[in-house]
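Report on the following structure.
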Amino acid sequence: MTLGSSAVAAETLEVGVDPELSDAAESSRRHGRTPGQIAWDRLKVDKVAIVCAVIVVFFILIAVLAPLLVKLEGETLNAFHPELINRRNTLPTIGTTAQHWFGVEPRTGRDLFALWAYGAQPSLTIGFLAAVSSTVVGIVMGLLAGYLGGIVDRVISWVIDFFLSLPYLLFVFALVPIVQNRVGGGRILTAEETSSLRFWVLLIILILFGWIGLARLIRGEVFSLREREFVQAAKVIGVPTRQILVKEILPNLVGPIIVSASIAVPGYIAAEATLSFLGAGLVEPTPSWGRTISVASGGNFSAYPLHLWPPVLGVALLVLALSLLGESIRDAFDPTTRR
Amino acid sequence: MFIYIARRIALGVSVLLVTLVVTFLIFFAGPADPAQSLCAENRCPAVKLEQIRTSMGLDRPISVQFAEYFQGLFVGRDITDGGNVNHCSAPCLGYSFHNHLQVSDEVFRRFPTTVALALLAMVVFLGVGVSLGVVAATRRGSAFDRTLVGVSQVFGAIPYIVVALLFALYFTVLYPILPQTHPFSDGFGPWIVGLIAPAIVLGLVTSTAYVRYTRAQMVDTLAQDYVRTARSKGISGRSVIYKHGLRAALSPVLTILGLDMAGLLSGTLITEQIFSVDGLGKLAITALIQTDDLPIIMGTVLLGCVIVVALNIVVDIAYSFVDPRVRLS
């Protein structure tokens, strides 16, 4: 059968159905959409969300293709080029060239494009890993506190209040060397080992401080959900607690969870950049935008601003796009907004 | 009212006590060895480490060390460093064996700077945020409103270090339009003038969130029935907005402010590092990165916690004045 005749067959089939019936089927399908589907349909027509998603995908591609792009440029990460450095003032003798797309680093002569492209990797990895993990921890804590109540709730709520009144940036500063010692077992490590250890330490600390908000939110929601009839009914017919939590309560919280996770990602990326900038984050040789910004804003800034701008624009654009995307997702899930 | 304040302070004190115990355990019972960071050699010989531990009193049981630290906070204590005995008067936050200074002196010297920066920034972001939010809400849907919300969304979303750093580089270094920062010891005038630029940046960036909170709250409040009633009674537009609308809209804004104190302190620390303001944040960062000086870091953590808890209490009391229902609960 040819393509044309099948289309005709479909058309006749369509005509054959009673128009009123097909309308009814259509509308029942529309009413049957889940909140997730509604949100997705709204997101697909949101221009801001689309532009932001394109920017995010661009940076993900940069991160994934970093080795390929750097090879295309004809460079390697962390290769020193002392011949491109002016010996007297330690500034590079070149700007952007075909060989070095973003120039080279003052003093060491490392290729800045390689540092930039590879720098997107830890940013995005930490952002997404921390968001997923802290969301899971937040869900579990919130569900337990909200559903079990009593002593469990009091302990978890107290921990939440305690964390909220901590000066967390200072605490993170203090914790970085301590967690590093505990995880590293106090051995003397090579630069590579310290660097990859720091990555995990940073991730652990971000998760430690990151679950609080979602846990509070979920706890409050579960408090009201557990008194609803469908949960009471499930309880009465003897559904085990674990199943009530996962099958009855959790599906009602998908919206807030997705919104909270999507807003968390840019927060973690900014936190990684901030901590690395301040010296409590990633260390050499793992490339990091935050650390490059810190180095580039030093004495050489006015003479060689090319060092500063790519990581600044990178982190600013990526975090901005992810935040606005998060807000669009929030709006898409919010039935009171009309867009 | 009095009972409410007393209860609020009791809660704050309990949080502070727990923080004290937790930080002490993390720092002195934790895996980080304070003696290690004092040893000049890279691979410290065990004998020397033992010597340092004995001289610092780190070889005694943790409960004894904690009791001593706790005593130091309230009545002061003597600390031996090498052969010398230093009297550390209350509140004693310990002794930095690294640069042979008392932590309390180091920390309290910088305390006014950090608090002044935080308060100045708070004045900026509450003033700018609330007033712009009110104006945007009363002109809802206008070009001004939409521009303001858009701009606040963009500047609020870009990482703070980027905004602050570019501002600092371009306006205090490259084109020195705004005054440079000075330590407190240079005199009150230059000190407070130097805090203007960092306070403006921190305040303006923080205000982006408050513009949106205030606007949302005002829009909600102005749509309430009692506001319509007030209008229909012939009360002037201005009076309705400020007397009937703003007061009700402010209490949720104050809730956010209360929850935001730890964030404000973090913002202050980052700002200090970027503008090289000689405050607690810079002290902590230097202690962490250059010297691994645990007593200094612990002192700043404790003091930072005191600041957050104290500001929280102030906000809660202010809250009970704005929203009388709070006192009853």
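Protein sequences appear in the order of chains A and B. Quick note, the first sequence lines up with residues 62 to 400 if you use our numbering. Quick note, the second sequence lines up with residues 71 to 399 if you use our numbering. Note that CB positions come from ideal geometry on N, CA and C, so glycine has one too.
DSSP, reduced to helix, strand and coil, places B:Pro249 outside both helices and strands of the structure shown, so it counts as coil.
The three-state secondary structure of A:Arg171, taken from DSSP, is coil.
Within chain A, not a single residue places a beta-carbon under 9 angstroms from that of B:Val275; the smallest gap is close to 12 angstroms. Here A:Val165 is bridged, per DSSP, to A:Asp172.
Of all alpha-carbon atoms in A:Ala364, A:Ile330, A:Gly271 and A:Ser355, the one lying nearest the alpha-carbon of A:Ile121 is that of A:Ile330. A distance of 8 angstroms or more separates the beta carbons of B:Gly328 and B:Asp290. Along the segment 174 to 189 of chain B, none of the residues has a CB nearer than 9 angstroms to a CB of chain A. Relative to A:Leu230, the option among B:Glu342, B:Ile383 and B:Pro365 whose CA is nearest is B:Glu342. Here the alpha carbons of B:Ile359 and B:Asp148 stand approximately 28 angstroms from one another. If you check the CB distance, B:Thr338 and B:Ala354 do not come in under 8 angstroms. For B:Lys303, there is no enclosing alpha helix (DSSP H), as DSSP marks it with neither H nor E. For B:Cys158, the pairing in a beta bridge is given by DSSP as B:Arg147.
Taken through DSSP and simplified to helix, strand or coil, B:Leu171 comes out as strand.
With contacts defined by Cβ atoms closer than 8 angstroms, A:Glu290 and A:Leu314 do not form a contacting pair. Taken atom to atom, the span from the alpha-carbon of A:Leu269 to that of B:Pro260 is near 40 angstroms. Under a 10 Å Cβ-count criterion, B:Leu202 is classified as buried, with 16 or more other Cβ atoms of the shown protein chains found around its own Cβ.
Within its own chain, the residues whose Cβ lies closer than 8 angstroms to the Cβ of A:Arg94, once the five positions on either side in sequence are excluded, are Asp102, listed in chain order. Identification of chain A residues near B:Ser166 by a Cβ-Cβ cut-off of 8 angstroms yields none; the smallest Cβ-Cβ distance measures about 15 angstroms. Listed as beta-bridge partners of A:Pro153 by DSSP are A:Ile146. As computed with DSSP, B:Tyr165 is found in a beta bridge with B:Gln172. At a beta-carbon threshold of 9 angstroms, none of the residues of chain B lie near A:Gly199; the nearest stands roughly 16 angstroms away.
Any Cβ of chain A closer than 8 angstroms to the Cβ of B:Pro229 would place that residue at the interface, and such an atom is present.
At least 8 angstroms separates the beta-carbon of A:Thr196 from that of A:Ser349. The beta carbons of A:Val240 and A:Val220 sit about 18 angstroms from each other, so the pair does not count as a contact at 8 angstroms. Nearest Cα to A:Ile146 within the set A:Ser384, A:Ala127, A:Arg303 and A:Asp172: A:Asp172. Within the same chain, Ile344 and Phe345 come within 7 angstroms of B:Ala238 by CB-CB distance, once the 5 residues on both sides are set aside. Closest in C-alpha terms to A:Leu126, from the list A:Phe141, A:Trp177 and A:Ala334, comes A:Trp177.
In this chain, the alpha helix (DSSP H) harbouring A:Gly351 covers Trp350 to Ala357.
The Cβ of A:Pro228 sits closer than 8 angstroms to at least one Cβ of chain B. If only complete runs of 3 or more residues are kept, the segment 92 to 132 of chain A shows no beta strand (DSSP E) anywhere. Rounded to whole angstroms, B:Tyr245 and B:Ala267 show a C-alpha spacing of 13 angstroms. For a cut-off of 8 angstroms, the C-beta gap from A:Pro183 to A:Glu333 is around 7 angstroms, short enough to register as a contact. For B:Val384, the nearest beta carbon of chain A is not closer than 8 angstroms to its own beta carbon. By the neighbour-count definition (other C-beta atoms within 10 Å, threshold 16), A:Ala364 is an exposed residue. For A:Val300, there is no enclosing alpha helix (DSSP H), as DSSP marks it with neither H nor E.
Contact check between the segment 127 to 139 of chain A and the segment 157 to 167 of chain A: three or more CB pairs, one atom from each, fall below 8 angstroms, which counts as touching.
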